[in-house]
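Let me begin by presenting the structure, written as structure tokens, before commenting on it.
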Amino acid sequence: MNDIINNIKNVRSRIALACENIGRDVDSVKLMLATKTVDPDRIRIAIEAGETLLGENRIQEFAVKNPELSDLKYDRHFIGHLQTNKIKDVLKYNVKCLQSLDNIELMQKLDRHFQAEGCCIDVMVQVNTSFESSKFGLSPDKVFTFLKELKKYDTLKLTGFMTIGLFDSSMEAVRRSYTRLKDLRNRAISEGIVSPECKELSMGMSSDLEVAIEEGATIVRIGTAIFGTRI
Ligand SMILES: *Cc1c(COP(=O)(O)O)cnc(C)c1O
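Counting from 6, one number per residue, gives the positions in the sequence shown under my numbering.
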């Protein structure tokens, strides 16, 4: 129990220090707990310590964890690859934001579902900023076309952009991924393709949150540094 609370304190001070170094307000960065494979009783400790934002990669994990955490108040984001046959579960498990929107088929099917249900959902466009073929996300050169298409679907409310940066021990190589996402957002806003409110940048993980914050991250997604190494 103490380890999780201490780890959160540690991550929060890393965030604060990174903000201070770059002259950003610490409240401009939200901490998301990346809770894949983490048991509900360990997640509970973090929420009871004051954390309010959770990201899951697999819909099935919401199915297992939601009931056990139902007495707690927190926001759920989906940060994994969503298969179209799981769309109805997004609503069922009360997902507030789908951070991993990256293809037109998914966009259309989501909209159809949410139209039918008479509600809407926040989305972020996931961009493959590292050009690794193993990663999901839109290639950067396809993002603007995609954003123009997204405007047609009024059940999907764009809040910003998400990326999983390059996995590399060179922080300068990692930084290039994050700079790329920031530049895309800035251009999308300045060219009027999206509204200035669509400014969220979900980027940065345990090993590189400082670099992400320097590049403008507004949400960092932290797993290992809080819950320890995944088995
Ligand atoms: C697991 C995961 C994270 C957190 O990674 P850590 O290195 O454990 O902090 C962030 N984002 C996504 C999409 C993940 O799958």
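Heads up, the beta-carbon is just placed ideally off N, CA and C, and yes, glycines get one too.
Check whether Arg81 and Asn62 have beta carbons under 7 Å apart: no
Taking contact to mean 3 or more Cβ pairs, one atom from each stretch, closer than 8 Å, check whether the stretch 213-223 and the stretch 176-183 are in contact. yes
When burial is assigned at 16 or more other CB atoms within 10 Å of the CB, is Thr134 buried or exposed? buried
With a threshold of 8 Å, are at least 3 pairs of Cβ atoms found where one atom belongs to the stretch 185-203 and the other to the stretch 229-236? no
Endpoints, the alpha helix (DSSP H) within which Ser105 is located: Segment 102-106 is the beta strand (DSSP E) holding Ser105; no alpha helix (DSSP H) there.
Of the residues Arg192, Tyr79, Lys157, Lys35, the one placed nearest Pro145, counting alpha carbons only: Arg192
For Ile126, which residues does DSSP report across the bridge? Leu161
Span of the beta strand (DSSP E), counted from its first residue to its last, around Met37: 35-39
Assign Arg117 to buried or exposed, taking buried as 16 or more other Cβ atoms, counted over all protein chains shown, within 10 Å of its Cβ. exposed
Rounded to whole angstroms, how far is the Cβ of Gly38 from the Cβ of Ile48, which I believe are closer than 8 Å? The sequence shown places Leu at residue 38, not Gly. About 7 Å; that satisfies the 8 Å criterion.
For the beta strand (DSSP E) containing Asp80, name the first residue and the last one. 80-83
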